[in-house]
Structure formats: C-alpha cells, structure tokens
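Chemist: Mind looking over this structure? Questions follow.
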Amino acid sequence: MTVDSPITRLADTFSKLRMNDSPSLPVGSRTLPLATKAPRNHLHKRVPEVIPRFHFPQGKPPSSASENESALKRAAAVFARFSGCVSIENMPDVMLAVNLPIYWKRPLYDSVANTRNAQHPITFQDFAHWWNGMTSVAHDEASRFVFTMAGPTRRYIEKADFEPFLQDLIDTFPGLHFLREAKEFHSRYVQTVIVRIFYSVNRSWSGRITAAELRQSNFLQTLVRLEDTDDINTVTDYFSYEHFYVIYCKFWELDKDHDLLIDKLDMTKHGNGAIPSRVIDRVFSGAVSRGLGRGRPMDKLNYTDFVAFILAEEDKRHPTSIEYWFRCLDIDGDGVLSLYELEYFYSEVARKMEAMGIESMKFQDVACQLLDIVNPKLEDRVTLSDIKKCQMCTRFFNAFINVHKYYEQESADGERASVKTDLDEEMSDWDRFCAEEYELLMQEEQPDDMELTCDIASDEESSPGSTSLSRSNPESQLRRSPLLDTL
Numbered sequence: 001m002t003v004d005s006p007i008t009r010l011a012d013t014f015s016k017l018r019m020n021d022s023p024s025l026p027v028g029s030r031t032l033p034l035a036t037k038a039p040r041n042h043l044h045k046r047v048p049e050v051i052p053r054f055h056f057p058q059g060k061p062p063s064s065a066s067e068n069e070s071a072l073k074r075a076a077a078v079f080a081r082f083s084g085c086v087s088i089e090n091m092p093d094v095m096l097a098v099n100l101p102i103y104w105k106r107p108l109y110d111s112v113a114n115t116r117n118a119q120h121p122i123t124f125q126d127f128a129h130w131w132n133g134m135t136s137v138a139h140d141e142a143s144r145f146v147f148t149m150a151g152p153t154r155r156y157i158e159k160a161d162f163e164p165f166l167q168d169l170i171d172t173f174p175g176l177h178f179l180r181e182a183k184e185f186h187s188r189y190v191q192t193v194i195v196r197i198f199y200s201v202n203r204s205w206s207g208r209i210t211a212a213e214l215r216q217s218n219f220l221q222t223l224v225r226l227e228d229t230d231d232i233n234t235v236t237d238y239f240s241y242e243h244f245y246v247i248y249c250k251f252w253e254l255d256k257d258h259d260l261l262i263d264k265l266d267m268t269k270h271g272n273g274a275i276p277s278r279v280i281d282r283v284f285s286g287a288v289s290r291g292l293g294r295g296r297p298m299d300k301l302n303y304t305d306f307v308a309f310i311l312a313e314e315d316k317r318h319p320t321s322i323e324y325w326f327r328c329l330d331i332d333g334d335g336v337l338s339l340y341e342l343e344y345f346y347s348e349v350a351r352k353m354e355a356m357g358i359e360s361m362k363f364q365d366v367a368c369q370l371l372d373i374v375n376p377k378l379e380d381r382v383t384l385s386d387i388k389k390c391q392m393c394t395r396f397f398n399a400f401i402n403v404h405k406y407y408e409q410e411s412a413d414g415e416r417a418s419v420k421t422d423l424d425e426e427m428s429d430w431d432r433f434c435a436e437e438y439e440l441l442m443q444e445e446q447p448d449d450m451e452l453t454c455d456i457a458s459d460e461e462s463s464p465g466s467t468s469l470s471r472s473n474p475e476s477q478l479r480r481s482p483l484l485d486t487l
C-alpha cells in the first residue's frame, strides 16, 4: 500500500506543472528534450555586417569618373589650341577648363613639370598623366590643393611651398601692379602672407598645413574671391597690401639698424614701451614658435616672428592669439595658468603703471575681477578652454601683456564699440587696427598744404620723389615710402 504523503503529492503536482508549462513536450510525456548545438556549418554561413566607410581623409571619391574624364577632355581642347603645349601664360584657360581656381596655376604648372618655377612649356600628355594621378587620390578641393602644392609624396604643405604661388600672385594679380615694380618688397610681402596663412589655417602649430586644416579654414574660399576683384585690399584675410604695409612699417620702426632682426631692447620700444620685459622674454623663449623651432630660445626675432607677434597683440580674440598668449603666460608649460604665474606678469604691469604716475590695483583685486570674467572650472587656475569660452578674453590678456591697453580698458566707460564693414559684418580687431594705422601713416606722409584728392593721372605725372599722395593710388605711397628711400 502506497502512502500518499504530502511530499509525494507535492512532487507529483510539480511534475505535472512542468509538463504543462513546456510547449516542447508532447502531451503525456515526462521526458525533457535534450539541448542540441547548431550545426557548425550553419555558423560559417553567417554573413558579417558591413559598416559603410565614413572617413575620407582625401575627400569622398565620386560615384563615377565621368566628371574627371570630362574635365580632361576640355583640357585637351585647350592644349589643342596651342599645338599641344601650353606655357604658364596660357594656364588660366586650362584652369577654367578643369574647373580649378585660376590662382592655383603656378603650383599646378610646376607640379606637372616636376620643377619649381618651371619655364618650359608642358604637353597635354604630361598634364593628363598628372591629372589622372591627382584625381585618383585627391577627391575634394582641399586634398587637391595639397596635392598641387606638395606633390604626390607629401600630404601636407610647408611654408616654402607657398613662395612660387605668391610670387605668381604678385606677377599677375591686376591690383598688385605697383608692387611688381618694387622688387625689394616682394619677399617681405610673400613672407607676410605666408605667416598669416599659417597663423589662421595651421591650428595644430605643426608648421605643416593638412587638407583637414584647409577644410576648417576659409583660405580656399578667400583664394577664389581674388578672381572677383582687382583691389587686393578688399580681401582683408591673408592678402591685403595695406595690412602688409602697416606690419612692415611697425617692424621698420623697431629695426633701427635695418638688418631685419630685432632684439629684446628693440621690442621694449614697441607700442611706446607697452609690452613688459617678462612678456618679451617669453616671446623670445620659443614658447610661441611653430614646428621644429618650438621651445628653442632666440637672441633675436626675424621679420616673420614679428608678424606673428603683432597679429597676436592686435587681435587677442583670434583663436591662435588666445593660444599664443596662453603659451606665453604658462611658464611651466603644464597647461594651466596658476595665480603665481598671473601675479608674476601682473606685478611688472603694476610697476610700469606706477612709474607712469598711475595708481594700480592690488593683484588680489585684479585676480578676483578677472576670474569672475573667465569663470574657470577650477577655482584658482585658468585653462586654455576657460579662456576660449570667455567673450572678454582681450580684457584678461591685456592685464598681463600690454600696460597701455590695460589702463585704457580700466579707465574707459564700458566696452569698445564694434565697427561694421561695408557688408554689415563686425570688423575684427585686426582689421580695425590696420585701417586706423594705415590712415595715420598716410596722414604722416601728407604735407599740410596737400589734400587726399590727387587723382592717378596727376600722380603719374609727378616725379619719383614727389610728395603727392592719393589713397586710390598705392603705387605713389610705396614709391614715396621711407622704407624704399633707405634700401
């Protein structure tokens, strides 16, 4: 006789529940199915998911080669008009045929000829070989410009690569005819433009411009704008002659012996002694040099060093200027401006102000004021990111870098009013500085009994030593410039 104990009844109930809950069991079956492995060949037949490519450092390749082939056919027609060979003078027609900016013509011509400043004609076969090689690896405007400037073996542009390109601009741009005649200034203008290009485009400070940096800048767009004007001064980014004129005059004032080098004593005279010696020491320390020269102390600054300095000094809101002055103030290079470092620089500003008979604020008060402006993440130190987010970074830097500008901003009522351009855009601090300085330079050259209404015809009739002045005729300004008189 079987004893129907509670445990037996519980086990029987549990067994029935398991059979009822398992859809894989046949009705009435008490045997659980065994787990089986999937056939191995089933695993091998699985097709892995393909992630579409999303990174194209040389630009996204076109869906078809038809456009590149069509451009080459149009170029062939141009070459045919010149019996299969073209010279540098014929290159604008070729550039239009292949839909490239006209002022790429010199570097493209040299790249096809495989020599700098090539003079001999190039054949269509040479051009076609170059074109097919370029379009096979460079698929957007930025990568094509790098290929054109640097050739197939480098994916970056160095400073020297710009020299033939800019010399060609001097030789062929209609609005630079007056500069063409003053060959003494060609190299200075070229150097100025190169520094300005690297200052704005080479955000990595490497001394090498990549296609990625070109894409993030306005340089290629600005280069195209040159085709729409004959007045180089309307293109204030990079190429303006007036900006070059202002920079070179400022350098000339400091370079008393005219050896194109300035030492620390020369720099103390900049801005009527506005720059503290401790800041000058940091500029000469190599902290703000690019590429291989970074960190190497210098006894003297050359002209290109000065160009970078004045760009940073007169437009402290520019991203590169912020980095420039941050590197100067960051003595130990730890990426943070400590209160010790800030006091080190401010103490000299305070002493210079007191020497001028101006009462200065205590550093503790200045620090509280500036930290409120910057609003750093960390209470007692400032990072580069903090300053870049600050809308009043100019006020912050002036307190440590320029005595006169610091005093002016502290004694002024409110912020300096913005100035609009002809296109109703806010003028940058740099553009405003150059506009004001250029007017002052012109006024200094104008005799009291002369007016600024002399036309070009009257100026052309005057002798090379004439003092006539016309704002619309930069040639007369360059010819009469004291810079030329001393060369």
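Each residue of the sequence shown is one higher than the one before, starting from 1 at the first, in full-length UniProt numbering.
C-beta atoms are modelled at their ideal positions from N, C-alpha and C, and glycine is treated no differently.
All figures in this text were calculated on a predicted structure; none of them were measured in a lab.
Would you be able to state if there are at least three C-beta pairs under 8 Å between the region 270 to 290 and the region 320 to 336?
Modeler: The region 320 to 336, when compared against the region 270 to 290, does touch it at the 8 Å Cβ threshold.
Chemist: Classify N99 as helix, strand or coil using the three-state DSSP reduction.
Modeler: Working through the sequence shown from its first residue, we reach residue 99 at position 99. Note: N99 maps to coil in three-state DSSP.
Chemist: On the criterion of 16 or more Cβ atoms from any shown chain inside 10 Å, does C368 qualify as buried, or is it exposed?
Modeler: In the sequence shown, the residue the question calls residue 368 occupies position 368. So C368 counts as exposed.
Chemist: Given T210, which residues of its chain have a CB within under 6 Å of its CB, disregarding the five upstream and five downstream residues?
Modeler: For the purposes of this step, residue 210 is taken as residue 210 along the sequence shown, with counting starting at 1. Excluding positions up to five away in sequence, the list reads Y156.
Chemist: Do you know whose CA, among S87, C393 and Q125, lies nearest Y324's CA?
Modeler: Against the sequence shown, residue 324 aligns to sequence position 324. With distances taken between Cα atoms, Y324 lies closest to C393.
Chemist: So for C390, helix, strand or coil by DSSP?
Modeler: Here the question's residue 390 lines up with position 390 in the sequence shown. In this structure, C390 counts as coil in the three-state DSSP scheme.
Chemist: My understanding is that V193 touches F239, with C-beta atoms under 8 Å, so please give their C-beta distance in whole angstroms.
Modeler: On the sequence shown, position 193 is the one that residue 193 refers to. On the sequence shown, position 239 is the one that residue 239 refers to. That belief holds up - the Cβ atoms of V193 and F239 are roughly 6 Å apart, short of 8 Å.
Chemist: By a C-beta neighbour count over all protein chains shown, 10 Å radius and 16 as the cutoff for buried, is N375 buried or exposed?
Modeler: As a working note, residue 375 is residue 375 in the sequence shown. Flag for N375 reads exposed.
Chemist: If I measure Cβ to Cβ from H270 and keep anything under 7 Å in the same chain, skipping five residues before and after, which residues do I get?
Modeler: Within the sequence shown, numbered from 1, the residue matching residue 270 stands at position 270. Excluding residues within five positions, the ones whose Cβ falls inside 7 Å are L254.
Chemist: Given that a residue counts as buried once 16 or more other Cβ atoms are within 10 Å of its Cβ, and exposed if not, what is M267?
Modeler: As a working mapping, residue 267 is identified with position 267 in the sequence shown. Per the 10 Å Cβ criterion, buried.
Chemist: Near G175, which residues of its chain fall below 6 Å by C-beta distance, leaving aside the five closest residues on each side in sequence?
Modeler: The residue labelled residue 175 in the question sits at position 175 within the sequence shown. If we look at G175 and ignore the five residues flanking it on each side, its Cβ neighbours are D230, D231 and I232.
Chemist: When you compare each of F145, D168 and D332 to F219 by their alpha carbons, which one comes out closest?
Modeler: In the sequence shown, residue 219 corresponds to position 219, counting from 1. Ranking F145, D168 and D332 by Cα distance to F219 puts F145 first.
Chemist: Who are the near neighbours of P92 in its chain, counting only those whose CB is closer than 8 Å to its CB and skipping five residues on each side?
Modeler: As a working mapping, residue 92 is identified with position 92 in the sequence shown. So the qualifying residues of the chain are I102 and K105.
Chemist: Going by beta carbon distance, what residues of the same chain come within less than 6 Å of I88, once the five residues before and after it are set aside?
Modeler: As a first step, residue 88 must be located in the sequence shown, where it is residue number 88. Closer than 6 Å at Cβ, skipping near neighbours: Y109.
Chemist: Less than 8 Å between the CB atoms is what I'm expecting for V190 and Q167, so what's the real figure, rounded?
Modeler: The count along the sequence shown starts at 1 and reaches residue 190 at position 190. The count along the sequence shown starts at 1 and reaches residue 167 at position 167. Their Cβ separation, rounded to whole angstroms, is 6 Å, which keeps V190 and Q167 in contact under 8 Å.
Chemist: With three or more C-beta pairs closer than 8 Å as the rule, is the region 310 to 325 touching the region 354 to 368?
Modeler: Segments in contact, no.
Chemist: If you measure between the beta carbons of V112 and I122, is that distance less than 8 Å?
Modeler: If you number the sequence shown from 1, residue 112 lands on position 112. If you number the sequence shown from 1, residue 122 lands on position 122. Closer than 8 Å, so yes.
Chemist: Rounded to whole angstroms, what is the Cα-Cα separation between E425 and Y346?
Modeler: Stepping through the sequence shown from its first residue, residue 425 is reached at position 425. Stepping through the sequence shown from its first residue, residue 346 is reached at position 346. Cα to Cα, E425 sits roughly 35 Å from Y346.
Chemist: In angstroms with no decimal places, state the Cα-to-Cα distance between R116 and F309.
Modeler: The count along the sequence shown starts at 1 and reaches residue 116 at position 116. The count along the sequence shown starts at 1 and reaches residue 309 at position 309. Cα to Cα, the separation comes out at about 31 Å.
Chemist: Leaving out five residues on either side along the sequence, give the residues of the same chain with a beta carbon under 7 Å from the beta carbon of F396.
Modeler: For the purposes of this step, residue 396 is taken as the residue at position 396 of the sequence shown. Correct list, in chain order: L370, I373, V374, I387 and C390.
Chemist: Taking 8 Å as the threshold (C-beta atoms), are L337 and V288 in contact?
Modeler: As a working note, residue 288 is residue 288 in the sequence shown. As a working note, residue 337 is residue 337 in the sequence shown. No, these two residues do not count as a Cβ contact at 8 Å.
Chemist: Could you compute how far the alpha carbon of V349 sits from the alpha carbon of K405?
Modeler: Along the sequence shown, read from residue 1 onward, the residue named residue 349 stands at position 349. Along the sequence shown, read from residue 1 onward, the residue named residue 405 stands at position 405. So the alpha carbons of these two residues sit roughly 11 Å apart.
Chemist: Please name the residue, chosen from F198, H177, I170 and E354, that lies closest to E290 on a Cα-to-Cα basis.
Modeler: Locating residue 290 in the sequence shown gives position 290, where the first residue counts as 1. What sits at residue 290 in the sequence shown is Arg, not Glu. Minimum Cα distance to R290 is reached at F198.
Chemist: Among the residues of its own chain, which have a CB less than 6 Å from the CB of K352, if the five just before and after it don't count?
Modeler: Residue 352 sits at position 352 when you count from the first residue of the sequence shown. Closer than 6 Å at the Cβ level, and outside the excluded window around K352, lie V403.
Chemist: Does DSSP put R381 in a helix, in a strand, or in coil?
Modeler: Position 381 of the sequence shown, counting from 1, holds the residue named residue 381. Reduced to three states, the DSSP call for R381 is strand.
Chemist: Between the Cα of I358 and the Cα atoms of D334, E410 and Y344, which residue gives the shortest distance?
Modeler: Here residue 358 corresponds to residue number 358 of the sequence shown, with the count starting at 1. The shortest C-alpha separation from I358 is found at E410.
Chemist: From the DSSP output, read off the bridge partner residues of N375.
Modeler: Against the sequence shown, residue 375 aligns to sequence position 375. Beta-bridge pairing links N375 to no other residue.
Chemist: Tell me, which residues are paired with I209 by DSSP?
Modeler: Numbered from 1 along the sequence shown, position 209 holds the residue referred to as residue 209. According to DSSP, I209 bridges with I157.
Chemist: Comparing alpha-carbon positions, which option in D171, C249, Q216 and A150 lies nearest L441?
Modeler: For this step, residue 441 is matched to residue 441 along the sequence shown. Minimum Cα distance to L441 is reached at C249.
Chemist: In three-state terms, what does DSSP make of residue 491?
Modeler: There is simply no residue 491 to check, as the chain begins at 1 and stops at 487 in what is shown.
Chemist: Between L487 and H129, what straight-line distance do the alpha-carbon atoms span, to the nearest angstrom?
Modeler: Stepping through the sequence shown from its first residue, residue 487 is reached at position 487. Stepping through the sequence shown from its first residue, residue 129 is reached at position 129. At L487, the pLDDT of 41 sits below 50, so the modelled position is not reliable and the matter cannot be decided from this model.
Chemist: What does the alpha-carbon distance come out to for the pair A80 and L96?
Modeler: Mapped onto the sequence shown, residue 80 falls at position 80. Mapped onto the sequence shown, residue 96 falls at position 96. Approximately 15 Å between the Cα atoms of the pair.
Chemist: Measure the alpha-carbon distance for F185 versus V279 and round it to whole angstroms.
Modeler: On the sequence shown, position 185 is the one that residue 185 refers to. On the sequence shown, position 279 is the one that residue 279 refers to. About 30 Å.
Chemist: Out of P107, F178 and Y303, which one is the CA nearest neighbour of residue 563?
Modeler: Outside the displayed range of the chain (1 to 487) lies residue 563, so it cannot be described from this structure.
Chemist: By Cβ distance below 6 Å, which residues in the same chain neighbour Y438 in space, the five residues on each side in sequence not counted?
Modeler: The sequence position of residue 438 within the sequence shown is 438, counting from 1. Taken in chain order, the residues that qualify are E242 and V246.
Chemist: Across which residues does DSSP place S338 in a beta bridge pair?
Modeler: Translated into positions along the sequence shown, residue 338 becomes position 338. Beta-bridge pairing links S338 to R381.
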